[in-house]
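Read through the structure below, which is laid out as structure tokens, and then see the notes.
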Amino acid sequence: MERIADNFFVEVGFHGSNNSVLRVGGRLVLFDAPQLPRDAQRWRREVEALGRVDYLVNTDHHPDHTVGNRWLPGTVVAHARTRQRLARPEVGVDYLRELFGVIGPDSVPDLDDYAPRLPEVTFEDELTLWIEDAEVRLMHAPGHTENTVMAYLPDSRILVAGDNVCEASLPAFQDANVVRLFDALDLAASLPFERLVPGHGAVVGPEGLDRFRTELRALVGAVGEAMDAGRSRAECAATLRYEDRIHRDLPAGADYPPALVEAFQRASIETIFDQIAADPAVRGR
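Okay, structure coming up:
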């Protein structure tokens, strides 16, 4: 766990999303939950040594942000559509059991009684949590998903961006709206932050936001150029790829199954292709 401000700590070493914690006095706000149950149980021990968990904020509904809800304390807070999507999960326990068998076999037995823990407090546009005199501003910022939330802490000048910004590499885009993702990046850039906690990878400053935007533009541009050359959706999905250090190149034996990584890549390129076809202006963002 890295301390990046007097009252803010980040863990970037778990398999899945980054996890972080704000401490105000003896009260805590957690941001995202570890993907693997054993990591979530370890995280609980670490954060409870800091104080009492009041809230757990999910920045989106994907399993790498929410599976660990089941093993963490605190009131779960998220966008309203995060609750809706967790209540009707796209992936079930069998999917998790197969995935964890590859990336975290010691967590597989913990799935025997697993069910998603749903958010208990939801919002649509914006919600402010007050922890004593500390402000936590939660903002609906669709992009990586329709329900992605970013959290801004004005006192600490910290932005928790979720997967709208990743330092490790570009994330998967199968649930993304690329136009709105650029809007979310504009929103992030408008905030006077000094440290940005990405969905995956190292904590960065404003330059990390600029780098992510540049990488996203390059990918959108590559798909657009392929379309200009007459390549079909299927051809683009079969041949265009981008570097993935979120699901690949992980500690020995911990990479996601190759077929799943390939599915993420194909679905991501198809999504971007479809959105350029629907709105060519996205290429100018």
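1 is the number of the first residue of the sequence shown in the numbering used here; add one for each residue after it. In this text, a Cβ means the ideal position worked out from N, Cα and C, and glycines have one as well. Predicted model only: the values in this text are computed from it and were never measured.
Asked                                                                                                                                              : Found
Given Leu36, which residues of its chain have a CB within under 6 Å of its CB, disregarding the five upstream and five downstream residues?        : His15, Gly104 and Ser107
Val67: buried (16+ other C-beta within 10 angstroms of its C-beta) or exposed?                                                                     : buried
Rounded to whole angstroms, what's the CA-CA distance from Phe123 to Val21? Just pull it up for me.                                                : 21 Å
What does DSSP give as the partner residue(s) for Thr75 in the beta ladder?                                                                        : Tyr55
With DSSP run on the structure shown, which of helix, strand or coil describes Arg38?                                                              : helix
What did DSSP end up calling Ile272 once you bin it into helix, strand or coil?                                                                    : helix
Name the residue from Glu243, Pro280, Pro251 and Asp274 whose alpha carbon lies nearest to the alpha carbon of Glu262.                             : Glu243
Mark Trp130 as exposed unless 16 or more other C-beta atoms lie within 10 angstroms of its C-beta, in which case mark it buried.                   : exposed
Shortest alpha-carbon distance to Gly224 belongs to which of Arg283, Pro251 and Arg23?                                                             : Arg283
So, helix, strand or coil for Ile246, using DSSP?                                                                                                  : coil
Is it buried or exposed, Tyr318, if we count other Cβ atoms within 10 angstroms and call 16 or more buried?                                        : Residue 318 is absent from the structure shown; the chain starts at 1 and stops at 285.
Got a sec? Which residues, its chain only, sit under 6 Å from Arg285 by beta carbon, not counting five neighbours each side?                       : Phe182
With DSSP as the reference, label Ala281 as helix, strand or coil.                                                                                 : helix
For Val91, count neighbouring Cβ atoms within 10 angstroms of its own Cβ and tell me buried if that reaches 16, exposed if not.                    : exposed
Restricting to Cα atoms, I'd like to know which of Ile158, Leu72 and Asp39 is closest to Arg117.                                                   : Leu72
Determine the direct distance from the alpha carbon of Arg211 to that of Met1, and round the result to whole angstroms.                            : 25 Å
Is His140 closer than 9 Å to Glu120 when the C-beta atoms are compared?                                                                            : no
Which residues in the same chain have their Cβ closer than 8 Å to the Cβ of Glu132, if we skip the five residues on either side of it in sequence? : Val24, Gly25 and Arg27
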